[in-house]
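A short write-up of the structure that comes next.
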Amino acid sequence: MKVKQRYPEKKITIIAPARLHFGFLNWNQRIDSSIGSFGMALNNFVTKITVERSKRLIVEGPQKDLAKKLVKKLLTKNNFSASVKVIIEKTIPNHAGLGSGTQLALALGYSVYSLFGKKIKIKDIAKLLARGKRSGIGIGAFKYGGVLVDDGDLLQKSNSYRVPEIIIRIPFPKNWRIILILDRTIKGVHGNRERTVFKKLPSYPRKISQKFYKILITEALPSLTKENIGNFGKAVTKIQKIIGDHFSKFQGGNYSSYKVEKAIRWLNQMGVSGYGQSSWGPTGFVFVSNEKKALRIIEKAKKEWNYEKDLNFVLCRGRNHGFRHRFF
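This note's numbering applies: residue 58 is where the sequence shown begins, and numbers increase by one.
See below:
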C-alpha cells in the first residue's frame, strides 16, 4: 500500500557537467583484471534539469524518452506515492564522447530522491540506473569535478558489478584551456553496439597496461600538479595513441571522425599542448596554455575549416567542482 507523505522541498534544479574520457588502464596489470580509467570534468557543456513533484509523470525537453525511462525506473523501484514533472533545459551533446547519458541519469536520480526525502549515495544512484559499468569518470565528474582516475570494476566479468571509485583527483589549472572539435555528422559507438565491442575487445596485454600506468604515474599526473602543460599534453597524447591503437579496429582508426582527425593534425601545428579523442568520439580535444592563445587558434581554425560546415570548435575550461543544485 502506498503511504502519503509530506516533503519539505517542492522543486529542484540541477546542473551537471560534461566530461572528457582519456582512456582505460589496467591497475593490477593482470590480463584478467578490471580496467580503470582517466579523464576530467568540463565547464562549458552541461545538463540542466528542473524537477518538481506532480500527480502524473511529465517529461519535456531534449532526450525526454531516455529521461522518462530513467524516471519510471526510479519511481517504480521506490514505490513513491506521487510522480514528478521534469523540464530538461539543456543537455550535453549525446553520443559525442562527453558522457551525456550518465549526467542525465545522475541528475534525475538525485532530484527524485531529494524531492521525496530519501538519502542515497551517488554511486548507488549510478548502480540503480546501470551507470558506471565500464568507467567511473562520469560519476566522478558529477560528484567532484577535476582531473580523475578511477580504480575500475573488479567484478565486471560477472553479472554483478561494483561502481568504480575515484582514487585520484587533481584540480585542472585555472588558466589552461581546452578546445573541443565536434563533428555533428557522427555518433560515437553506444548502446548495444558498445556492449558488443567490449565483449569482443581483446584483453590488454601486460606491456600495454604497464606502459599506460608508467605514463600516467610518472608523466601525466606529476606534470598536472606542477602545472606543466607541455609535459601533461605530451603524456595525454601518448596515452591516446595507446588507446587509439587498441580500439582502432572498432572505430575505423584512432579517431572515429576523419574530419576531427584532420582538424587535430592541423591544430597540432598551431602550437597546442597535446590532443586526442574523448571516449568513442567523435569529439576531439586539444590543450592550450591560456585563453588568449586558445581564442586566437579558434579564430584561425574557423577560417581554415570554413568549408567543413559540420565541424565546430568550442573553447572550454576544466571544471573543478561537481554538480550544483538549488531547491525552490
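A virtual CB, placed ideally from N, CA and C, is assigned to each residue, including glycine.
On a predicted model such as this, the values are computed, not experimentally measured, just so you know.
Is the separation between the beta-carbon of residue i and that of residue j shorter than 8 Å?
i	j	result
I223	Y201	yes
T107	I144	yes
L372	L352	yes
A124	L165	yes
A292	I321	no
To the nearest angstrom, how far is the alpha carbon of residue i from that of residue j?
i	j	result
F173	F385	14 Å
V343	T242	20 Å
K147	I296	32 Å
E318	N325	11 Å
N285	P279	9 Å
N151	K366	19 Å
G93	P228	19 Å
I177	V116	23 Å
E276	I300	17 Å
S168	Y364	43 Å
Y332	N136	47 Å
K306	D122	31 Å
N288	T159	30 Å
K59	S336	The predicted position of K59 is uncertain, since its pLDDT is 46 and thus under 50; a value taken from the coordinates is nonetheless stated next. So the alpha carbons of these two residues sit roughly 43 Å apart.
For residue i, which residues of its own chain have a beta-carbon under 7 Å away from its beta-carbon, when the five flanking residues on both sides are left out?
i	result
I370	Before going on, a small fix: residue 370 reads as Phe here, not Ile. Around F370: I236, I238, I355, A358, K359.
G96	R76, L77, H78, F79, I194, L205
R113	S140
K67	E109, R110, F385
D208	W84, G93, P221, E222, I224
Once you ignore the five residues that flank residue i on each side, which residues in its own chain have a CB closer than 6 Å to its CB?
i	result
K231	none
A98	P74, R76, A198, G202, R376
R374	N100
P119	I145, T148
G417	Residue 417 lies beyond the range of the chain shown here (58 to 385); nothing can be said about it.
Could you pull the start and end residues of the alpha helix (DSSP H) that residue i belongs to?
i	result
N369	Run containing N369: none in the alpha helix (DSSP H); it sits in the beta strand (DSSP E), 368-373.
T294	286-308
A183	179-185
V329	That residue, V329, is in no alpha helix (DSSP H); it is neither H nor E in DSSP.
V128	121-135
Check for me: the beta strand (DSSP E) holding residue i runs from which residue to which?
i	result
D207	204-207
G156	Element bounds for G156: n/a, residue is neither H nor E.
L99	93-111
I115	115-117
My guess is that residue i and residue j are in contact by the Cβ rule of under 8 Å, so how many angstroms apart are they, rounded?
i	j	result
L163	I182	6 Å
I69	H303	I69 to H303, Cβ: 41 Å. No contact.
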